[in-house]
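Numbering (the numbering used here), first residue to last: 14 to 164.
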C-alpha cells in the first residue's frame with residue numbers, strides 16, 4: 014500500500030492532481046535561457062519561437078542566433094552554454110539525476126561558436142557529455158572549453 018492510497022478519496026485525487034501538475038514541466042525542462050542579445054530563436058517541434066530570458070528549454074530544441082545574436086543558457090546540472098553570432102546549437106539529449114549527478118548530455122553545434130562550462134554530469138562522468146560538430150565529436154574532459162564550427 015502506498016502512502017497516497019492511505020489518504021481519503023478526496024485527498025488522493027488532490028494529491029494526484031498536484032503530483033501530475035508539478036511533475037510534467039519539471040521533467041520536460043532541461044535548461045533555461047539566462048541571457049540573450051540580438052536575434053535569437055528557439056526551434057521546437059517545427060516552430061520558430063522568439064527567445065526570451067527565462068524561457069525554459071526542452072530536449073530537441075535548437076537555438077539559432079543571428080549575425081548580432083548571442084545566447085547564454087544554464088542547464089539543470091548547472092552546465093553553462095554560450096552560443097555566439099550565427100550559431101545553430103541543437104540540444105539533442107539531456108538526462109540528469111539530481112541526487113546522484115548521473116546523466117547524459119549531448120549537443121550538436123552545426124555552425125558558429127560555443128563556450129561551455131561543464132556542470133555536474135561531466136564532473137561526475139566526463140564521458141557522459143559530448144558536443145558534436147560537422148567535422149568532429151568532442152568528449153568533455155575538462156571543466157570548460159570553446160568550440161567553433163564553420164558553415
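Even glycine gets a Cβ: it sits at the ideal position worked out from N, Cα and C.
Among the options, nearest to residue i - alpha-carbon criterion
i, options, result
"residue 140", "67, 117, 121 and 104", "117"
"residue 49", "115, 96 and 121", "96"
"residue 57", "104, 125 and 108", "104"
"residue 61", "121, 124 and 101", "101"
"residue 163", "157, 137 and 125", "125"
"residue 47", "69, 41 and 114", "69"
"residue 99", "45, 109, 146 and 123", "123"
Supposed close pair residue i, residue j - CB separation, criterion 8 Å
i, j, result
"residue 74", "residue 132", "Not confirmed; about 17 Å, so no contact."
"residue 41", "residue 71", "5 Å"
Test: residue i CB closer than 8 Å to a CB of chain C
i, result
"residue 73", "The structure shown has no chain C; it contains just one protein chain."
Euclidean distance between Cα positions of residue i and residue j
i, j, result
"residue 77", "residue 43", "17 Å"
"residue 135", "residue 142", "6 Å"
"residue 159", "residue 79", "19 Å"
"residue 65", "residue 87", "13 Å"
"residue 127", "residue 144", "10 Å"
"residue 113", "residue 137", "9 Å"
"residue 93", "residue 130", "5 Å"
"residue 109", "residue 157", "19 Å"
"residue 115", "residue 107", "11 Å"
"residue 63", "residue 148", "29 Å"
Exposed unless 16 or more other CB atoms sit within 10 angstroms - verdict on residue i
i, result
"residue 120", "buried"
"residue 35", "Reliability of the predicted coordinates at residue 35 is poor, the pLDDT of 48 falling under 50, and the value obtained from them is presented with this limitation in mind. Exposed."
Using 8 Å as the Cβ pair cut-off and three pairs as the minimum, do the stretch 52 to 63 and the stretch 79 to 99 touch?
-> yes
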